[in-house]
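Chains as they are written, first to last, in my numbering: chain D, 16 to 452; chain Z, 373 to 674. Beta carbons: idealized from backbone N, C-alpha and C, even for Gly. Data block below; observations after.
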Amino acid sequence: MNKTLILAKREYKAAVRTKGFIIALILLPIFMGGSFAVFVLLKDKVDLNDKKIAVLDHTGEFGPYLNRTAEYHNQNEIFNEEGEKVAPSYFFEMIEVNQNDPNQQRLELSDRVRGKEIHAFVQIGKNVLHPNPNDEQSRIFYYAENAALDNVRGWFNNIINNRIRELRLLELGIEREQVQDLFYWVSAEGMGLVSLDTKTGAVKDARQSSELQSIMVPYILILLMFMMLMMSAVPLLTAVMEEKSERIAEVLLGSVTPTQFMMGKILGSLGVSLTTSAIYVAGGVFMIRRMGMGDIIPYELVPWFFVYMLLNIIMVGSIMAALGSACNDSKDAQSIQFPAMFPIIIPLFVMMPVIMNPLSNFATGISLFPLWTPMLMLLRQATEVTIPTWQPIVGLIGILLFTFLSVWAGGRIFRSAIIMQGKKPKIGTLMRYIVKG
Amino acid sequence: MSVIALDRITKTFGNHVAVDALSLEVPKGSIYGFIGPNGSGKTTTIRMIMNILYPDSGTIQIFGKEQTGSRLDQVGYLPEERGLYKKMKVKELIQFYAELKNVPQPGPLADSWLEKFDLTPWANKKVEALSKGMSQKVQFTITVINQPEIIILDEPFSGLDPVNAEIIKEIILELRDKGSTIIFSTHDMAVAEKMCDFIFMIYQGKKVLDGTLKSIQEQFGQDTIRIRTEGGPKALKDIAGIEKMNDFGQMQELRMEQGTDPQEILSVIMKKTRVTSFEITSPSLNDIFIRIARPEKTEHHE
Numbered sequence: 016m017n018k019t020l021i022l023a024k025r026e027y028k029a030a031v032r033t034k035g036f037i038i039a040l041i042l043l044p045i046f047m048g049g050s051f052a053v054f055v056l057l058k059d060k061v062d063l064n065d066k067k068i069a070v071l072d073h074t075g076e077f078g079p080y081l082n083r084t085a086e087y088h089n090q091n092e093i094f095n096e097e098g099e100k101v102a103p104s105y106f107f108e109m110i111e112v113n114q115n116d117p118n119q120q121r122l123e124l125s126d127r128v129r130g131k132e133i134h135a136f137v138q139i140g141k142n143v144l145h146p147n148p149n150d151e152q153s154r155i156f157y158y159a160e161n162a163a164l165d166n167v168r169g170w171f172n173n174i175i176n177n178r179i180r181e182l183r184l185l186e187l188g189i190e191r192e193q194v195q196d197l198f199y200w201v202s203a204e205g206m207g208l209v210s211l212d213t214k215t216g217a218v219k220d221a222r223q224s225s226e227l228q229s230i231m232v233p234y235i236l237i238l239l240m241f242m243m244l245m246m247s248a249v250p251l252l253t254a255v256m257e258e259k260s261e262r263i264a265e266v267l268l269g270s271v272t273p274t275q276f277m278m279g280k281i282l283g284s285l286g287v288s289l290t291t292s293a294i295y296v297a298g299g300v301f302m303i304r305r306m307g308m309g310d311i312i313p314y315e316l317v318p319w320f321f322v323y324m325l326l327n328i329i330m331v332g333s334i335m336a337a338l339g340s341a342c343n344d345s346k347d348a349q350s351i352q353f354p355a356m357f358p359i360i361i362p363l364f365v366m367m368p369v370i371m372n373p374l375s376n377f378a379t380g381i382s383l384f385p386l387w388t389p390m391l392m393l394l395r396q397a398t399e400v401t402i403p404t405w406q407p408i409v410g411l412i413g414i415l416l417f418t419f420l421s422v423w424a425g426g427r428i429f430r431s432a433i434i435m436q437g438k439k440p441k442i443g444t445l446m447r448y449i450v451k452g
Numbered sequence: 373m374s375v376i377a378l379d380r381i382t383k384t385f386g387n388h389v390a391v392d393a394l395s396l397e398v399p400k401g402s403i404y405g406f407i408g409p410n411g412s413g414k415t416t417t418i419r420m421i422m423n424i425l426y427p428d429s430g431t432i433q434i435f436g437k438e439q440t441g442s443r444l445d446q447v448g449y450l451p452e453e454r455g456l457y458k459k460m461k462v463k464e465l466i467q468f469y470a471e472l473k474n475v476p477q478p479g480p481l482a483d484s485w486l487e488k489f490d491l492t493p494w495a496n497k498k499v500e501a502l503s504k505g506m507s508q509k510v511q512f513t514i515t516v517i518n519q520p521e522i523i524i525l526d527e528p529f530s531g532l533d534p535v536n537a538e539i540i541k542e543i544i545l546e547l548r549d550k551g552s553t554i555i556f557s558t559h560d561m562a563v564a565e566k567m568c569d570f571i572f573m574i575y576q577g578k579k580v581l582d583g584t585l586k587s588i589q590e591q592f593g594q595d596t597i598r599i600r601t602e603g604g605p606k607a608l609k610d611i612a613g614i615e616k617m618n619d620f621g622q623m624q625e626l627r628m629e630q631g632t633d634p635q636e637i638l639s640v641i642m643k644k645t646r647v648t649s650f651e652i653t654s655p656s657l658n659d660i661f662i663r664i665a666r667p668e669k670t671e672h673h674e
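If you want it as structure tokens, here you go:
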């Protein structure tokens, strides 16, 4: 068997047989997807405790409306079809406004909130129907312990503004029955583009565009590739450093050339990441189909994902192995690891702007830089917009050239540095190794 | 026929010339000993032969051809500082290296070597469980598993107890008898004297000795007296014609100045004390080594 493959087989077995690998295999998606899963699971888990809100209504107009609305809400909006309670009941307590000492009154109400007697209190300025800028009486204040994130505030905002608008329209003499239609909000629904089915020649309906598909699919693909890099290519730095410092490298060099040595390690890592990603991709597809959401899976991207990932691991792996060969101990490796990882992390920083606007000059330009093409081009391909066909092809050529260059330069550093002891991995030294070989 | 031929190879690290225009021919089937003080260039030379380092100038030929990586299967190499994959099982590790050397059936071969070194009970234990001596035997095994035509051993006996050193020595001789050419570096002059067909000494990157022990000793002539007396070293002081005395406790070695008559020295000593043994001989390899590389000159880094 080819020596590179024998080395790769050993690397693969050594990595896959460890308990750490199995644990990482299980834990990584849990950690990475954990926050999303928690969000999904807890999305519907709302606080069902009844809420009482005190109201300081300076207009004196809103009391009966608020009570009526709360009563309607409590009767009609808090139970699902099975009769289960799914939202809290709301109650209003109208407080007579103390004009002489409003601060004292607010303090007392705040103490009642702290004492959990009431959930919040609201101060409605007397000029809210005809507001003036910079006038405190034209504003509504919602006082609560976590006012910024309080769902009740959102509900209250809605009902109070509906009423304010109703009152303003009534003043204009518009019938109340017309008001509901006036406030009916028609949302612009996101749709993909209509296309022609190449087999049947029929026009295919556009798919409804969802946030889940627009953001989650690209997000998961990129995160998966990033995980693979972190699991297989990045650890090559310390793995090579260890083999050098434990003097295994020179023993191996008695039987293999430095290039075989380096490529064996990279191919071993590649095998590990292929195994892991195949498990994740297959598992992910299975789960999504079981959840009845099979149509959001971008099957046409799966080959691109694997091609990009393989090249990315060879590209980053050869750089990491070369850097590892220049390190003498774990201290050297630690000091070089963050600067070495920085370029790999950059795609994660620019992910959102690229997803939001995949056709911008910024997104196009940054996705054509070979080191970032695998993650960012894939990210753009995974969004719902159609990116020009030439771009992934040019990107792929760029990656192929850059991979070739990094394997070549990495190999030259590797064979020079792997048995050098005591020399710090400085950029100048590494460059000299590349030039001199 | 030479299996290895170095022709004026030079290697520098920064401003330091580690190996300086070194030429050497190693005949097939011989045991060639590399000696020299620490930092003199032995390991650098060996690494260049192994194609791990590349000479700045000069050529290296193995089996008459400029070497390439593909030649490596016929060359076994035991580096001076050696490590093993600690988490691998012993037999698995030996098989792995055997596969790298293109051994067709690594399993049975690994078993036979494990048996030879009494390591069979350890075959399925992890390498990290082995003692230092056992690890060294495993390292030696992976170097010679395919009985390569050339075996290069950098300090093969360092750290070994006498029993294990004896086992390794016997196997080296056995491999030579089967046709392998052995090169080894050592600091143990007695081993070099007893085992090597040829001795090669490198000092400050340059070749200073190369040849059989006899031819090397002849270069220095019979200028050494080994003597045992009842008076010991005290009785041997201040004698005209003695350049240097090396005291071994029970026996002293005297180096004579050029042109000195040993009979005259004997008669002077006999006047001072009773002589129990007197031998005129060539200098030992140890003495030759020290004459060339005085201790104050030796500590350079390779």
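Item, Value
"So, at 8 Å on beta carbons, what are the nonlocal neighbours of arginine 8 of chain D in its own chain, with the 5 sequence-adjacent residues on each side left out?", "Here chain D covers residues 16 to 452 and nothing more, so residue 8 of chain D does not appear."
"Nearest-angstrom Cα distance between lysine 414 of chain Z and alanine 612 of chain Z?", "39 Å"
"Against chain D, which members of the segment 416-429 of chain Z pass a CB distance test of less than 9 Å?", "Arg419, Met422, Asn423, Ile424, Leu425 and Tyr426"
"Please list the terminal residues of the continuous alpha helix (DSSP H) segment that includes phenylalanine 419 of chain D.", "405-432"
"For phenylalanine 468 of chain Z and chain D, any beta-carbon pair shorter than 8 Å?", "yes"
"When DSSP builds the beta bridges, which residues end up paired with aspartate 526 of chain Z?", "Z/Ser557"
"Where does aspartate 428 of chain Z fall in DSSP's three states?", "coil"
"Which residues, in chain order, does the segment 268-294 of chain D contribute to contact with chain Z at a C-beta distance below 7 Å?", "Leu268, Gly269, Ser270, Val271 and Thr272"
"Rounded to a whole number of angstroms, what is the C-alpha to C-alpha distance between valine 563 of chain Z and proline 528 of chain Z?", "11 Å"
"Could you tell me whether any Cβ in chain Z is nearer than 8 Å to the Cβ of arginine 447 of chain D?", "no"
"Taking only the alpha-carbon atoms, compute the straight-line gap between isoleucine 517 of chain Z and alanine 470 of chain Z and give it to the nearest angstrom.", "6 Å"
"Alpha carbon to alpha carbon, what distance is there between tryptophan 405 of chain D and serine 421 of chain D?", "24 Å"
"What does the alpha-carbon distance come out to for the pair serine 654 of chain Z and methionine 628 of chain Z?", "11 Å"
"Three-state secondary structure (DSSP) at threonine 290 of chain D?", "helix"
"Measuring CA to CA, which of D/Ala355, D/Thr388 and D/Gln352 is closest to methionine 366 of chain D?", "D/Thr388"
"Whose C-beta lies closer than 7 Å to the C-beta of alanine 314 of chain Z among residues of the same chain, with five residues either side of it excluded?", "Since the displayed chain Z opens at 373 and closes at 674, residue 314 of chain Z lies outside it and no answer follows."
"Please confirm if alanine 163 of chain D has its CB atom under 8 Å from at least one CB of chain Z.", "no"
"Alpha carbon to alpha carbon, what distance is there between asparagine 176 of chain D and asparagine 147 of chain D?", "16 Å"
"Quick one: complete alpha helix (DSSP H) runs, 4+ long, within the segment 18-106 of chain D?", "18-31, 34-57 and 78-91"
"Would you list the residues sitting across from aspartate 379 of chain Z in a DSSP beta bridge?", "Z/Thr431"
"Got a sec: does the ligand FAD put a non-hydrogen atom nearer than 7 Å to the Cβ of proline 368 of chain D?", "Inclusion of the ligand FAD in the displayed structure is not the case, the ligand content being empty and no account of it being possible."
"Please confirm if glutamate 26 of chain D has its CB atom under 8 Å from at least one CB of chain Z.", "no"
"Which first and last residues belong to the alpha helix (DSSP H) in which proline 148 of chain D is found?", "Run containing proline 148 of chain D: none; DSSP gives neither H nor E here."
"Could you pull out every residue in the same chain whose Cβ sits closer than 7 Å to the Cβ of leucine 425 of chain Z, ignoring the five residues on either side in sequence?", "Lys383, Thr416 and Arg419"
"For valine 232 of chain D, which residues of its own chain have a beta-carbon under 7 Å away from its beta-carbon, when the five flanking residues on both sides are left out?", "Ile311, Pro313 and Ala397"
"According to DSSP, is aspartate 196 of chain D helix, strand or coil?", "helix"
"Please name the residue or residues paired with phenylalanine 650 of chain Z in a DSSP beta bridge.", "Z/Ile599"
"With a threshold of 16 other CB atoms inside 10 Å of the CB of alanine 297 of chain D, please say whether the residue is buried or exposed.", "exposed"
"Quick check: the Cα distance between methionine 324 of chain D and glycine 307 of chain D, rounded to an integer number of angstroms?", "28 Å"
"Whose C-alpha, out of D/Gly78, D/Ile433, D/Asn173 and D/Glu160, is nearest the C-alpha of isoleucine 110 of chain D?", "D/Gly78"
"Where do the N-terminal and C-terminal ends of the alpha helix (DSSP H) with tyrosine 234 of chain D fall, by residue?", "232-243"
"Excluding the five sequence neighbours on either side, which residues of its own chain have a C-beta within less than 7 Å of the C-beta of glutamine 519 of chain Z, listed in chain order?", "Leu547, Lys550 and Ser552"
"Ends of the beta strand (DSSP E) at arginine 627 of chain Z?", "624-628"
"Determine whether the beta carbon atoms of alanine 341 of chain D and proline 273 of chain D lie at a separation below 8 Å.", "no"
"For a quick check, are the C-beta atoms of glycine 448 of chain Z and phenylalanine 572 of chain Z less than 8 Å apart?", "no"
"Quickly, what does DSSP pair alanine 159 of chain D with across the bridge? List them, please.", "D/Ala135"
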